[in-house]
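Asker: Chains as they are written, first to last, in this note's numbering: chain E, 1 to 151; chain A, 1001 to 1137.
Using N, Cα and C, we set each Cβ at its ideal position, and we do this for glycine too.
Fair warning: this is a prediction, and the values are worked out from it, not measured in the lab.
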Amino acid sequence: MIEMRIQAQLMLMITNMMHKKRHVYKRIVEAKTFIDENYLRPIKLEDMMRASSYSKFHFTRLFKQAYGLSPHKYLTRLRIKHAKHELKDSTKSIKDICFSLGFESPSSFSHFIKRDTSHSPIAYRKTSLETQVEIQKNPMKFIPGCYALIN
Amino acid sequence: MIAKLTHTFIYVLDQDEALQFYTEKLGFNVIANIPLGPNKRWLTVAPPGDSGIEIVLMKASVGPFFTDESADSINSVVSKGQLGWCVFSCPNIYATYEELIKKGVEFIHPPTETPSGISANFRDNSGNWFSLQQDGE
């Protein structure tokens, strides 16, 4: 009887803890969704914070706990991902891509692209285009051995 | 000596729908999307954390691997939700759970304490199920 009561208490504690955690992270997810939907606009930490309704300190700490990187680094990561798509798939100038995504200067943009891809933006664009042409010409080269042979 | 695992396969019912699910809901990156003929392509994705392993989203269809009957069997088992493939990890399972629920991903089990750590189970839009485990558990 006592064991059953202890078990019930434990279950209640776990359920309460789960609800509390869900509530905390629901607000962090709101902020992440805000970043995901607005990263092409010049958003600031304050805007992200507002979406979570936490103070700057708590927001930054909880965001890092949730996603393993700071809100600012997450925003930069999204912008870099978008920049890579633009470099690959658009004819926009590198300067235009850099400033439209809110990077301070072409040199800082170049630094981020190089850190992510090991290439400068120009070299990344060139290599990507060459790869796309090569895929068109010889798709099987990009598919592992046996699958390429079978197809 | 085998050095590393580079690709793993997940059978999906529709490659276009799977691509949408894995990129838009799970936030994976497309690594390769190469047409191989009508209704067939080499499609691989990977989580943004970049483990170096590509997940091939493949449709079981009649060809060198499968007879018509085998392809149907695989598709049937997938759609019944009987196949579980991988364990994914995330920095915080509660945040990931909230985010995926918000995006409409179906969870079979919410985050639960298990002897090996906190884990949850979800399905993709073909029916495949996966484990989600918190990093460092």
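(1) N1075 of chain A touches chain E at which residues, Cβ-Cβ below 8 Å?
(2) Taking the alpha carbon of T1006 of chain A as the reference point, which residue from A:F1021, A:Q1015, A:I1031, A:H1109 has its own alpha carbon closest?
(3) Using a Cβ-Cβ cut-off of 7 Å, state whether P139 of chain E counts as contacting chain A.
(4) Alpha carbons only, please: which of E:I135, E:R61, E:R115 is nearest the one belonging to K81 of chain E?
(5) Which residue's Cα is closest to the Cα of C1086 of chain A: A:W1129, A:A1018, A:T1067?
(6) Would you list, in sequence order, the uninterrupted beta strand (DSSP E) runs of no fewer than 3 residues that lie entirely inside the stretch 1002-1033 of chain A?
(7) Within 10 angstroms of its Cβ, does L129 of chain E collect 16 or more other Cβ (buried), or is it exposed?
(8) Rounded to a whole number of angstroms, what is the C-alpha to C-alpha distance between Q1082 of chain A and S105 of chain E?
(9) Applying the criterion that 16 or more other CB atoms from any shown protein chain within 10 Å of the CB defines a buried residue, is M1058 of chain A buried or exposed?
(10) Is E1069 of chain A buried or exposed, if buried means 16 or more other CB atoms sit within 10 Å of its CB?
(11) What does K1004 of chain A touch in chain B if you count any residue whose Cβ is under 8 Å from its own?
(12) Take the Cβ of E134 of chain E as the centre, count every other Cβ of all protein chains shown within 10 Å, and call the residue buried at 16 or more, exposed below.
(13) Hey, out of E:K56, E:M140, E:A66, whose CA is closest to E1098 of chain A's CA?
Answerer: This is what the structure gives:
(1) For this step, residue 1075 of chain A is matched to residue 75 along the second sequence. Chain E residues near N1075 of chain A: none, gap ~19 Å exceeds 8 Å.
(2) For the purposes of this step, residue 1006 of chain A is taken as residue 6 along the second sequence, with counting starting at 1. Among A:F1021, A:Q1015, A:I1031, A:H1109, the Cα nearest to that of T1006 of chain A is on A:I1031.
(3) The sequence position of residue 139 of chain E within the first sequence is 139, counting from 1. Yes, P139 of chain E lies at the interface with chain A (some Cβ there is under 7 Å from its Cβ).
(4) Numbered from 1 along the first sequence, position 81 holds the residue referred to as residue 81 of chain E. Per the Cα distances, E:R115.
(5) As a first step, residue 1086 of chain A is located in the second sequence; it is residue number 86 there, counting from the start. Per the Cα distances, A:W1129.
(6) 1007-1011
(7) Taking the first residue of the first sequence as 1, we reach residue 129 of chain E at position 129. L129 of chain E comes out exposed.
(8) Counting from one through the second sequence, the residue named residue 1082 of chain A turns up at place 82. Counting from one through the first sequence, the residue named residue 105 of chain E turns up at place 105. Distance between the alpha carbons of Q1082 of chain A and S105 of chain E is about 52 Å.
(9) Stepping through the second sequence from its first residue, residue 1058 of chain A is reached at position 58. Buried: at least 16 other Cβ atoms inside 10 Å.
(10) If you number the second sequence from 1, residue 1069 of chain A lands on position 69. Burial call: exposed.
(11) The chain inventory of the structure shown lacks chain B, comprising the protein chains E and A.
(12) If you number the first sequence from 1, residue 134 of chain E lands on position 134. That one is exposed.
(13) Stepping through the second sequence from its first residue, residue 1098 of chain A is reached at position 98. Selected option, being the one with the closest Cα: E:A66.
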